[in-house]
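Here is the structure we will look at, set down as structure tokens.
Residue numbers (my numbering): 120 to 190.
As structure tokens, this is what we get:
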């Protein structure tokens, strides 16, 4: 997943919850500028920041092994 896809998912969930960027940033304990950059795909957020955002928005992070087509 590229960072723009990640940012779009976060932005979409935030909007569906009707939370402003400022409110989400405050609830997650991150700066508004950081959230802005994440949503625009301009940041490389740490796993810790992603966990904070996911927790506030009722989401979870998952790691999956990519299928390579080789069996």
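Note that beta-carbon positions come from the ideal geometry of N, C-alpha and C, so glycine has one too.
The structure presented is a predicted model; accordingly, all values stated were derived computationally and were not measured.
Where residue i falls, given that 16 or more other Cβ within 10 Å makes a residue buried
{"i": "residue 147", "result": "buried"}
{"i": "residue 141", "result": "exposed"}
{"i": "residue 121", "result": "exposed"}
{"i": "residue 189", "result": "exposed"}
{"i": "residue 182", "result": "exposed"}
Assumed close pair residue i, residue j - CB separation to whole angstroms, cut-off 8 angstroms
{"i": "residue 129", "j": "residue 149", "result": "The Cβ separation is near 11 angstroms, so there is no contact."}
Minimum C-alpha distance to residue i - residue among the options
{"i": "residue 171", "options": "189, 139, 160 and 154", "result": "154"}
{"i": "residue 177", "options": "125, 124, 157 and 132", "result": "132"}
{"i": "residue 123", "options": "180, 185 and 157", "result": "157"}
Spatial neighbours of residue i in its chain, beta-carbon cut-off 6 angstroms, leaving aside the 5 residues before and after
{"i": "residue 160", "result": "122, 123 and 126"}
Beta-carbon contacts of residue i that lie in its chain and below 8 angstroms, excluding the five residues immediately before and after
{"i": "residue 180", "result": "166, 169, 170 and 173"}
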